[in-house]
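Reading the sequence shown from the start, the letters are residues 25 to 285 in the working numbering.
We put the beta carbon where it would ideally sit given N, CA and C, even for glycine.
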Amino acid sequence: MEPLTYSLDRTIFIQAAPETVFRYFTDSARWARWWGAGSEIDARPGGPMKIRFPNGIEIAGDVLAVEQPRRIVFTYGYTSGNPIGPGGSRVTIELEPEARGTQLKLRHEFSDAATRDQHVQGWRFQLSLFSNTVADEVNAGAPRIIDAWFASWSVEDQDARFQALAGIAVEDIRFRDRYSAITGREELSAHIGAAQRFMTKMRMERRGDLRHCQGIVLADWAAVAPDGQERASGTNVFALGPGGLIESVTGFWNAATGKTA
């Protein structure tokens with residue numbers, strides 16, 4: 025290997041614990057979920073690493089060091105030999121725990137500046153994909169959480185409603201819409217109880233699939249009366265925390281409809 029005197033450095037925050045993030049460097053199924061079908065990694069010193077991009081380009085290398093769940097080092101080169109031959113560069117990924125997730129630091133070392141510069145946008149793109157891939161796993165339970173949110177608006181018993189919210193939302197959850205500026209599970213539970221007096225026997229239902237990106241979820245909803253008629257509709261924006269619980273909800277409702285939930 026030629027001297028690797030040029031380096032590319034990138035840092036990205038991921039809303040997941042280091043142990044969760046690191047699994048994507050040691051589990052071939054997750055590794056392939058990030059890079060593309062056919063990608064593999066044997067996460068031990070001397071183990072082979074392969075990346076197969078969707079366009080058919082292949083990367084090969086060997087794992088040099090593994091320190092779970094903080095650091096992995098591997099060589100990186102193109103099987104075609106262009107622009108880097110096999111083993112012709114080195115990648116180091118380090119994870120640092122933070123209160124709300126993990127700071128990922130990547131260093132890719134090259135033998136020349138031109139090749140380094142060719143990879144700047146590639147890593148910008150790939151780490152963005154990676155962050156979304158991890159977020160999709162962390163928030164795989166979002167449909168259940170969001171549906172439980174809407175169901176809580178029909179729970180009439182105060183204690184049962186509070187317990188339902190405790191299972192899906194953080195203690196200091198924030199809820200905002202045209203009629204609400206609420207902070208905390210207790211206040212929210214009381215607010216829902218008051219809303220039930222004005223929305224008698226209404227039930228809140230999710231409409232369509234969730235749209236999720238980096239812990240932010242969009243969910244369309246409808247308020248349905250006992251006769252089956254929709255009385256209101258809109259969209260909620262949910263912010264999910266590192267543990268997958270709801271941290272905040274911002275409600276938008278469609279014109280000429282009633283309250284959001």
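If you draw a straight line from the alpha carbon of residue 263 to that of residue 203, how long is it in whole angstroms? Here residue 263 refers to the residue found at position 239 when the sequence shown is read from its first residue. Here residue 203 refers to the residue found at position 179 when the sequence shown is read from its first residue. Answer to the nearest angstrom: the Cα atoms are 19 Å apart.
Looking only at its own chain, which residues have a Cβ that is under 8 Å from the Cβ of residue 254, when we skip the five neighbours before and after it? Locating residue 254 in the sequence shown gives position 230, where the first residue counts as 1. Closer than 8 Å at Cβ, skipping near neighbours: 246, 247 and 248.
Proximity winner among 31, 157, 87 and 172, relative to residue 237 (alpha-carbon distances): Position 213 of the sequence shown holds residue 237. Residue 237 has its Cα closest to that of 157, out of 31, 157, 87 and 172.
Tell me where the beta strand (DSSP E) around residue 76 begins and ends. As a first step, residue 76 is located in the sequence shown; it is residue number 52 there, counting from the start. From DSSP, the beta strand (DSSP E) with residue 76 extends over 72-76.
Three-pair Cβ contact test at 8 Å for the segment 72-90 versus the segment 106-118: yes
Inter-residue spacing [alpha-carbon to alpha-carbon] between residue 241 and residue 135: For the purposes of this step, residue 241 is taken as the residue at position 217 of the sequence shown. For the purposes of this step, residue 135 is taken as the residue at position 111 of the sequence shown. Approximately 43 Å between the Cα atoms of the pair.
Taking the continuous alpha helix (DSSP H) assigned at residue 156, which residues delimit it? In the sequence shown, residue 156 corresponds to position 132, counting from 1. Looking at the DSSP string, the run of the alpha helix (DSSP H) that includes residue 156 is 144-162.
Thinking C-beta only, is residue 94 closer than 9 Å to residue 154? If you number the sequence shown from 1, residue 154 lands on position 130. If you number the sequence shown from 1, residue 94 lands on position 70. For residue 154 and residue 94, no; Cβs fall outside 9 Å.
With a threshold of 8 Å, are at least 3 pairs of Cβ atoms found where one atom belongs to the segment 199-217 and the other to the segment 174-189? yes
Could you say if the segment 143-152 and the segment 27-40 meet the contact criterion of at least three C-beta pairs nearer than 8 Å? yes
Expected contact under 8 Å - CB spacing of residue 82 and residue 116 to nearest Å: Counting from 1 along the sequence shown, the entry for residue 82 is found at position 58. Counting from 1 along the sequence shown, the entry for residue 116 is found at position 92. Actually they do not touch by this definition, with Cβ atoms about 21 Å apart.
Residue 119 bridges to which residues according to DSSP? The residue you call residue 119 lines up with position 95 of the sequence shown. DSSP lists 128 as partners of residue 119.
Taking the alpha-carbon of residue 230 as reference, which of 28, 176 and 76 has the nearest alpha-carbon? Against the sequence shown, residue 230 aligns to sequence position 206. Of the candidates 28, 176 and 76, the one whose C-alpha sits nearest the C-alpha of residue 230 is 176.
Residue 9 versus 233, 39 and 270, residue with shortest Cα-Cα distance: The first residue shown for the chain is 25 and the last is 285, placing residue 9 beyond what the model contains.
Close Cβ partners of residue 54 (< 6 Å) along its chain, the five nearest in sequence each way excluded: Locating residue 54 in the sequence shown gives position 30, counting from the first residue. Only 47 and 48 meet the Cβ criterion.
Taking a contact to mean a Cβ-Cβ separation below 9 Å, would you say residue 171 touches residue 275 in this structure? The residue given as residue 171 occupies position 147 in the sequence shown. The residue given as residue 275 occupies position 251 in the sequence shown. In this structure, residue 275 does not lie closer than 9 Å to residue 171 by Cβ.
Flag residue 179 as yes when its Cβ comes closer than 8 Å to any non-hydrogen atom of the ligand NAP, and as no otherwise. Looking at this structure, you won't find the ligand NAP or any other ligand, since it has none at all.
Can you tell me whether residue 209 is buried or exposed, with buried defined as 16 or more other CB within 10 angstroms of its CB? In the sequence shown, the residue the question calls residue 209 occupies position 185. Looking at its Cβ environment, which holds 16 or more other Cβ atoms inside 10 Å, residue 209 is buried.
Reduced DSSP secondary structure (H/G/I, E/B, other) of residue 89: Reading the sequence shown from its first residue, position 65 is the one you call residue 89. In this structure, residue 89 counts as strand in the three-state DSSP scheme.
Three-state class that DSSP yields for residue 224 in the structure shown: Here residue 224 refers to the residue found at position 200 when the sequence shown is read from its first residue. It is coil, neither helix nor strand.
Note the first and the last residue of the continuous alpha helix (DSSP H) segment covering residue 170. In the sequence shown, residue 170 corresponds to position 146, counting from 1. That run of the alpha helix (DSSP H) goes 166-176.
At which residues does the beta strand (DSSP E) containing residue 247 begin and terminate? On the sequence shown, position 223 is the one that residue 247 refers to. It spans 240-248 - the beta strand (DSSP E) in which residue 247 sits, taken as one unbroken run.
Using DSSP with H/G/I as helix, E/B as strand and the rest coil, what is residue 19? Examination of residue 19 is not possible in this model, given that the chain is present from 25 through 285 alone.
Considering Cα atoms alone, identify which of 152, 132, 105 and 107 is closest to residue 118. On the sequence shown, position 94 is the one that residue 118 refers to. It is 132 whose Cα lies nearest to the Cα of residue 118.
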